[in-house]
Structures are given as structure tokens and as C-alpha cells.
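Numbering (the numbering used here), first residue to last: 3 to 707.
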Amino acid sequence: MIDIIRGASNKPVSTEALIEFVESSGISDGVLYTGYPIVGSIEDKSSLDALLISSEHGVIVFDIVEEPDVSNRDEIRDELFNIVLQRLIGYKELSEKRGKLKVNLNVLTIAPSWPKANKDQETIIEKADFDSFLSENEQKDLLFEDYKRVIQAIQAITKLKAKPPRKTSNEKSKAAILNDLEKSISNLDRRQSKAVIETVEGIQRIRGLAGSGKTIVLALKVAYLHSKFPDWNIGVAYYTRSLKNQFIDLITKFTIEHKNEEPDWSKVKIQQAWGSSKDNGFYYEFCKTNNVEYLDYDTAKNRFGSNANFIDVLSQKAISEAKSTNEIYDAILIDEAQDFTESFLKLCYSLLKPASKNNPKNKRLIYAYDELQKLNDSNSLSNPLDIFPGIDFLDQKNKPQHDIILEKCYRNSAPVLVTAHALGFGIYREEQLVTMFRDIELWTDVGYKIDEGKLEFGERVVLKRDSESSPDFLTEKIPTNEIIEFKSFNSNTEQYEYVANQIESNLKNDDLGFRDIIVIHPNPLKAKNELAPLRNILFKKGIESHLAGVNTSPDEFFIDNSIAFTSIYRAKGNEAAMVYVVGSEYCYGGYELIKKRNILFTAITRSKAWVRVFGVGEAMNKLEKEFSKVKEEKFRLKFDYPTIEEMEKLNVLHRDLTEADKKAITESEKEALNLISKLRNQQVHLQDLPKETIEELRKLLNDNK
3 MIDIIRGASN KPVSTEALIE FVESSGISDG VLYTGYPIVG SIEDKSSLDA
53 LLISSEHGVI VFDIVEEPDV SNRDEIRDEL FNIVLQRLIG YKELSEKRGK
103 LKVNLNVLTI APSWPKANKD QETIIEKADF DSFLSENEQK DLLFEDYKRV
153 IQAIQAITKL KAKPPRKTSN EKSKAAILND LEKSISNLDR RQSKAVIETV
203 EGIQRIRGLA GSGKTIVLAL KVAYLHSKFP DWNIGVAYYT RSLKNQFIDL
253 ITKFTIEHKN EEPDWSKVKI QQAWGSSKDN GFYYEFCKTN NVEYLDYDTA
303 KNRFGSNANF IDVLSQKAIS EAKSTNEIYD AILIDEAQDF TESFLKLCYS
353 LLKPASKNNP KNKRLIYAYD ELQKLNDSNS LSNPLDIFPG IDFLDQKNKP
403 QHDIILEKCY RNSAPVLVTA HALGFGIYRE EQLVTMFRDI ELWTDVGYKI
453 DEGKLEFGER VVLKRDSESS PDFLTEKIPT NEIIEFKSFN SNTEQYEYVA
503 NQIESNLKND DLGFRDIIVI HPNPLKAKNE LAPLRNILFK KGIESHLAGV
553 NTSPDEFFID NSIAFTSIYR AKGNEAAMVY VVGSEYCYGG YELIKKRNIL
603 FTAITRSKAW VRVFGVGEAM NKLEKEFSKV KEEKFRLKFD YPTIEEMEKL
653 NVLHRDLTEA DKKAITESEK EALNLISKLR NQQVHLQDLP KETIEELRKL
703 LNDNK
């Protein structure tokens, strides 16, 4: 199968002709990039017109000519050959003796508007010329491993993600396994490549699970757009503060690798959603450029109350008060969009210039989000057509895609991801589910397969993941019971002693580094105090630790020679080889169960290898039972899909609560307990209560079973 990845091109007619030649050529395995890769030399910095990588024909670079005027292209072809040769020869695995490549490298001029008399061995005017060239230039000895290395060299992803290998004491240590794991994820897959390179004149949505590569895809897309269109003003928004440095690092590496120069940071702004005069953000920038009142945190809290979603209400307020909007960006990219609201997306949209002359409502707002990280539909973003009426958002054949789904999860192994979803949705709770999606197709969109039953409302279904959607590198090397562990303790002291000993062993015996470990407490209000005893035990063992974003910079998560401790909100967007979730009993029951289970889901999915879920008491015992059922089902999700009515009840039952809601529930609970006590003590008899009141109470209790 030939994949076509359509980058931006200023030669659309001849590029489409090339695509038709390639698609009808019979090439069985390969990828054609148009407008990619970005290449740089001292004299010129641009992208190739097109490049084909094929296991049957090696590498073919295309010099595309749009105009009908015939010209000598020898010098251009020579330059293109040398540029790509230097890229490939930099990978020693692709070189033989004295700089000779293992892979065939050719350069062709595609000039469909030239007279046929001007064709030669390196000039393609019609399809027959291309077919003839392919038949005369086959490469039958190219190994599949070398074919993958060619893609690796063109994408240069391994260089962007390269880290010094961990020192290992033996080949079976956790560090050794981790080194091999990171080497195995060396290329962008087909959908990731499309998400990076394909850009539409309008809204683009990139959806995927945690660990599907959304952040690196967005960072590479920023770098690609900046390299391709250096005059564009590009904005990048993020939710988790520590992502800022990740974006800076990835964009810098990509730009240097492909263009041999630093990014122009006056043209690329990576900033938070809110912002201030000291640290710019999109809301602050909107207010400043449109002469709208700006509110800082304290003012917003006094005006709207502490429970308000500030960026939501402030975005709405700013948009409604702006008499006109200054359009200052050519493109804005938003990561972690599931943590923002539609109002913030609209605020960013209003800062954008029109991308299309045909429809001024089409603007380059590109946002990535994980629909499954919210775990229910109530807070999910609406369809872009509903958020931005009048835009074009219909994917067309042979065109860059508006809606791209990244279905593979590279961070989490299948057992980890299935466990996270099982506990997040409450699939194996003793009581009913916690929540569920109305959009049934989401499950298959993100890589789940139907193993048994029907994926329909009110029907029994069994879902599973396979090696296509969850690469099985880790599960092939490590038993599942070593990858993920749930454990209940009798006391916090016992729990913390155990975790401290495990961390000490990770550092001394498993060869893991400090940056390979995260400790997460799920209760954001108590995390600092609850984690203090564990940090103290580690300190006595000579192991330093820090509270990410509390006693470090807000933009830093990991620091050298120190274990990162965090609440869930700082953990989002980050990952580590070994994740310890302590105090997990907090997520079992009680109020706001959707939020609590979402916290547990997010914590588990921070792990790119091993995860430990620990807690104390009966609630933790019950969580452990849920995990036992996941194992019994061989890491499949087996449940009765609720009806629409049942889902509405679940979302009401486990909804987020305001302070007023919590106060009313607490008061009602006291009143109910008081009545029960009086009935038991016979201060009040059941017969004393009106019959209608008793019947109404019975009815309500039965309806909510």
C-alpha cells in the first residue's frame, strides 16, 4: 500500500499529476511526501517538492515543474541529489563502504505541461514515462529494516527524541528494557505523519489517546509550518505548564535538524491560556490588543467566585466586550484541548487571520485532544461545525484531512491502557458503571476492537486492544504482573515505607534514573501534606525529591537528581517509566466520582512502562478487586453498554459538585441520619409520618437502585 502525505505545495497541478502517477503505478509498499521534508543549505532553505520512499525502488526525489516553459534542470537535480544524499549518509546503518548507500537514490523532474519531445531519462512528462522508469530501476535487495531506516532518516525523529542511553548493569534490568523500548519507537506512523504535514485552510482537529503522540505531533507541526512559512505568526497554547519547555525543545531540535538554524521566536509564541503583563497568554493578549478589560486571578475570583472555570468565563466576557478583533496570527495550535472550553477555542479563533479567500470563516486553528481523558460526554468539546458555524469541515478524498485520529497508543502497553479505562469507567465495579460515552464509535476510533457481542446501546459487548493499536514490545519482554500492580496496605506508614524501598531499589538495582520515576497523589488539595511523610523517608535514605511546580519553577516538572512528586494536575502532559500512584483509595467512591475516576485514569496513563497503584483500607481493597476482574477478563472490557437514559442518570449521580451542592448534600445527610436515629430510638415512629411521605421516599429509593 502506498501512503500519500500531502504537505503544502505551490505547484498544485503538477503535484496532483505526480500523485496520480504514483497511485496507479502498482507500487505495493511505500510513502510519498509532497512539500516535505524541509531541507536546508547555507544558500537556500526550503522543502523538497516531493519524495518517494519505496521498498521496491528506494528513494526518488522529485523536482516538480508547473510552468510549460522548457528549461535545463540538471543543476537543480544535482543539488537535490546532494541534499538528500547528505541526509541519508548521516545514518551509518544506511552506508556501505566509502560512502555508498544501501538504498537506490534517484532524482526525477516531473513536468506534465512540457511537450513530449522534451522527455529524457530523468524527465517525466506522462504516466508511461514514470512506469518505464520504475520497471528499469527496481531494488530487489533492500531489506525491510533498511527501508524503515530510510524513513527514519527523512523524518529525523530519532535525533529529535534522542537521549543518552541509561547505564545498565545487566541486559535484563529495567533500564536496559527501557533503552530498547525507546529505540523501538523511531518513526512517525502514517497518521502521525499526516497530522504533522497535512495542513488545511481552516480548522483541523487531531484526536488520540494519551500516549498517541499528540504533543510531539503538534510540536513538529509548528516547526514544519514555521520552516515552510517563515513569515507566519504562529501561536501555541498548552494547559500543563511543564509542556512549554517540551515544545521549545522539540521545535528547536526540528528546526535545527532540517534548516540548520534556530527558530525565529518572534514568529512563534508558546504561551499559556491566561497570561499577564509578566508572562504573556492568549487571554491577556486578546484583552490588550482589543482594548478589553483584563482580569487577574484575584479579581476574577472576587467577581465570579472560586468555583468558576475562569478561562471559560473570562474568554466569554472578553469576546462579548470586544467591539472588533485584531487578527494577529496566521495559525494557532492548542494542545490538551480537552482541558479547555469552547469559549477559549473561540477566543483563539478570533485572533486568527482568515486562511481562505473563498470563506473568511476558515481559520487555521489546530487543536489536539484526548476524548477518553474526560471519560464522559458532558464536558467533551462539540463538533467544530457547532463551535464555529459556517466553516468548512468536510474531509474530501485526495485532500489534506480536517479530522485526524491517532489510534495507536505508544506510551501505554495494552494491559496498562485497558486497566486505566476499566477503572476510569468503573467497568468492573460492584455497583453500576461510573459513566460512559454516548458516541459509541469513539471506542473503535481509538483502536479498540469488538471481541464479542455488539457495540450498541443496551447490548453486551467485549472490547480488546491488539498489537495494531497498542504495540506489544513491552508485553513480549515482561510478564503483565510486573508491568502493573495494585496493592492495599493497612496504614499509610506501611504504604510509604514500601514505596520508599521500591524507589530505592529502582535507583540502585534497576538502573532507573531520577527522571524515570513519578509519584502521584490523586487528591489535589491534600497531596502536599499527604506526600510529606514519604518524602521524609526518602530523604533519610539519601534520596532527594521535589514537589513539581511547588518548590520548582511552574514550567519545570523533572529536575536532576530528584524524584518528582505531584498532584494529578501537574502530572498531566508528563510521563515516566515508573509511576507510583499512592493514596488511590481516594478514587474509589464518594462524591464527584467521574472526576475521581478520571484522576485515576490520568495517573495510570502517565506510565510508559511500569505502574504501581497503591492505597489503604477497604476502599483500596475494592479497587484491587476491580483490577483482579480486569486480569480475569484477560485485559478486555466486558460490560453492558448503557442506554441514553441510563447514561444521563450516571452523569447526574456522579457529576461535579459546586460548594452549594456539597453543603446541601451534607445538610441533607445529617437530617437523614437524624431521622434514622430517632426512628431506631423510637423517638419517632414510622406511623407518625404521613403515608404519602413514606410512599414517596420508597419510590425515590427504588428508582435510584
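Beta carbons are placed, not taken as given, at the ideal position from N, Cα and C, and that holds for glycine.
Keep in mind it's a predicted model, so treat the numbers as computed, not measured.
First and last residue of the beta strand (DSSP E) that includes residue i?
i: residue 371; result: 367-371
i: residue 645; result: No beta strand (DSSP E) contains residue 645, which DSSP labels as neither H nor E.
i: residue 335; result: 333-336
i: residue 32; result: 32-36
Please classify residue i as buried or exposed, where buried requires at least 16 neighbouring CB atoms within 10 angstroms.
i: residue 346; result: buried
i: residue 267; result: exposed
i: residue 3; result: exposed
i: residue 255; result: buried
i: residue 495; result: exposed
i: residue 471; result: buried
i: residue 696; result: exposed
i: residue 497; result: buried
i: residue 676; result: exposed
i: residue 617; result: buried
i: residue 45; result: Because the pLDDT of residue 45 is 47, which lies under 50, any placement of that residue in the model is unreliable, and the number read from its coordinates should be weighed accordingly. Answer is exposed; the Cβ neighbour count stays below 16.
i: residue 301; result: exposed
i: residue 722; result: Past the edges of the chain, shown from 3 to 707, lies residue 722, and the structure says nothing about it.
i: residue 644; result: buried
i: residue 626; result: buried
i: residue 248; result: buried
i: residue 216; result: buried
i: residue 341; result: buried
So for residue i, helix, strand or coil by DSSP?
i: residue 569; result: strand
i: residue 199; result: helix
i: residue 699; result: helix
i: residue 489; result: strand
i: residue 612; result: strand
i: residue 409; result: coil
i: residue 15; result: helix
i: residue 260; result: helix
i: residue 356; result: strand
i: residue 580; result: strand
i: residue 537; result: helix
i: residue 244; result: coil
i: residue 448; result: coil
i: residue 125; result: strand
Looking at residue j and residue i, is the spacing between their C-beta atoms short of 8 Å?
i: residue 353; j: residue 323; result: no
i: residue 603; j: residue 576; result: no
i: residue 271; j: residue 237; result: yes
i: residue 7; j: residue 50; result: no
i: residue 605; j: residue 176; result: no
i: residue 448; j: residue 639; result: no
i: residue 183; j: residue 201; result: no
i: residue 637; j: residue 417; result: yes
i: residue 252; j: residue 222; result: yes
i: residue 187; j: residue 55; result: no
i: residue 72; j: residue 105; result: no
i: residue 622; j: residue 490; result: yes
i: residue 383; j: residue 193; result: no
i: residue 348; j: residue 389; result: yes
Strictly under 8 Å for the Cβ-Cβ distance: is residue i near chain C by that measure?
i: residue 96; result: Note that chain C does not occur in the displayed structure, where there is just one protein chain.
If I'm right that residue i touches residue j with Cβ under 8 Å, what's the distance once you round it to whole angstroms?
i: residue 334; j: residue 239; result: 7 Å
i: residue 129; j: residue 278; result: Contact doesn't hold; Cβ gap of about 59 Å is too wide.
i: residue 467; j: residue 419; result: 7 Å
i: residue 211; j: residue 411; result: 5 Å
i: residue 111; j: residue 75; result: 5 Å
i: residue 343; j: residue 314; result: 4 Å
i: residue 518; j: residue 171; result: Not quite, the Cβ-Cβ distance comes to about 15 Å (not below 8 Å), so this is no contact.
i: residue 436; j: residue 595; result: 5 Å
i: residue 563; j: residue 516; result: 6 Å
i: residue 394; j: residue 204; result: 5 Å
From what residue to what residue does the alpha helix (DSSP H) around residue i run?
i: residue 209; result: Per DSSP, residue 209 belongs to no alpha helix (DSSP H); it is in the beta strand (DSSP E), 206-210.
i: residue 426; result: 416-427
i: residue 305; result: 299-306
i: residue 315; result: 312-323
i: residue 384; result: No alpha helix (DSSP H) contains residue 384, which DSSP labels as neither H nor E.
i: residue 470; result: Counting along the chain, residue 470 falls outside any alpha helix (DSSP H), and DSSP gives it neither H nor E.
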